[in-house]
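Undergrad: The structure under discussion is supplied below as structure tokens; questions concerning it will follow.
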Amino acid sequence: MAKAFPNSHFIGFDYHSPPIERARAAAKEAGVAGKTRNHADYQAKRIQSHYGGAA
Numbered sequence: 009m010a011k012a013f014p015n016s017h018f019i020g021f022d023y024h025s026p027p028i029e030r031a032r033a034a035a036k037e038a039g040v041a042g043k044t045r046n047h048a049d050y051q052a053k054r055i056q057s058h059y060g061g062a063a
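What follows is the structure in structure tokens.
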């Protein structure tokens with residue numbers, strides 16, 4: 009999506025670190041690392057449940 013919408017910024021979150029590391033690597037490889045932010049922390053699980061489990 010970051011390539012399709014270059015004027016946008018994207019945030020990813022997960023409470024487990026390995027998917028975050030893969031997302032960071034994929035964004036870097038795609039050349040959109042400056043348009044994305046990926047976070048892993050204990051509050052991400054609360055945020056996920058607030059939005060119906062969507063991440």
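In the numbering used here, the protein residues as written are 9 to 63. Ideal Cβ positions, reconstructed from N, Cα and C, are used throughout, including at glycine.
Output yes or no for whether 9 Å exceeds the beta carbon distance between K43 and F18.
TA: yes
Undergrad: Mark A38 as exposed unless 16 or more other C-beta atoms lie within 10 angstroms of its C-beta, in which case mark it buried.
TA: exposed
Undergrad: Under the DSSP definition of a beta bridge, which residues are partnered with R45?
TA: I19
Undergrad: Which residue marks the beginning of the alpha helix (DSSP H) containing K36, and which one marks its end?
TA: S25 to A38
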